[in-house]
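These notes are about the structure you will find just below.
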Amino acid sequence: MKTRLLPLASLLTVLATISLPASAGSYSNQGAKPTTLNASFLHHSTIEVKSNHSVAATADKLEQVLTSKGMTVFTRIDHQKNAAGVNLKLAPTQVVIFGNPKIGTKLMQCSQGTAIDLPQKALIRQDEKGQVWLSYNNPAYLKARHQIEGCDAVIGKVENALAKFAKAATN
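Residues -24 to -1, 1 to 147 (mature numbering (1 follows the signal peptide of the UniProt record, and there is no 0)) are what the sequence shown spells out, left to right.
Set out below in structure tokens:
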């Protein structure tokens, strides 16, 4: 299994060097100070795992492992199929949205803003070379993004679970 950290788009890298004033946004994280994002931080926001299967088979395996571990699979989006419905072409691309309120609620109790990133999402896509990848948000990135404090045990549990789910779906 090959795992790599996926960089965000170059636009975000450029934006990463900009520090916004407190008045720039309307969201307040309970009085938290605005943070300056840096390129290294953004570079590690997504974890990508190389799959040995097709997009559909990887998504199927992911759904199976999630449900076997008591997770709720809320939906599965087939972006390629949706694109075809409007006469556009797209490489195989699916998103599985899943979660467990027992865990997600704990994260939101630490930082309610985390709700924007929940439930969890896994992107399964085929790249231009035909390789399939399963990607998900790095919990360490979410911790930093939402300034989550006092939830290290929950973050660690999420990190371990996501890595195990990805490994099971891609091998």
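Where is the CB? At the ideal position from N, CA and C, for every residue including glycine.
- Between H55 and S87, the gap from beta carbon to beta carbon reaches 8 Å or more.
- Taking every protein chain shown into account, the CB of N113 has 16 or more other CB atoms within 10 angstroms, so this residue is buried.
- Going by DSSP, K26 is part of the beta strand (DSSP E) stretching over 22 to 27.
- Annotation for L118: D93 place their beta carbon closer than 6 Å to its own, counting only its chain and skipping 5 residues before and after.
- When DSSP reads this structure, Q85 sits in no beta bridge, so it has no partner.
- Uninterrupted beta strand (DSSP E) stretches at least 3 residues long and entirely within the stretch 26 to 85 occur at 48 to 54, 69 to 75, given in chain order.
- Nearest neighbour of K97 by Cα position, chosen from G126, L110, A129, turns out to be L110.
- Segment contact: the stretch 137 to 147 against the stretch 24 to 37, three or more CB-CB distances shorter than 8 Å; contact assigned.
- The distance from the Cβ of A67 to that of Q102 is about 5 Å, consistent with a contact at the 8 Å cut-off.
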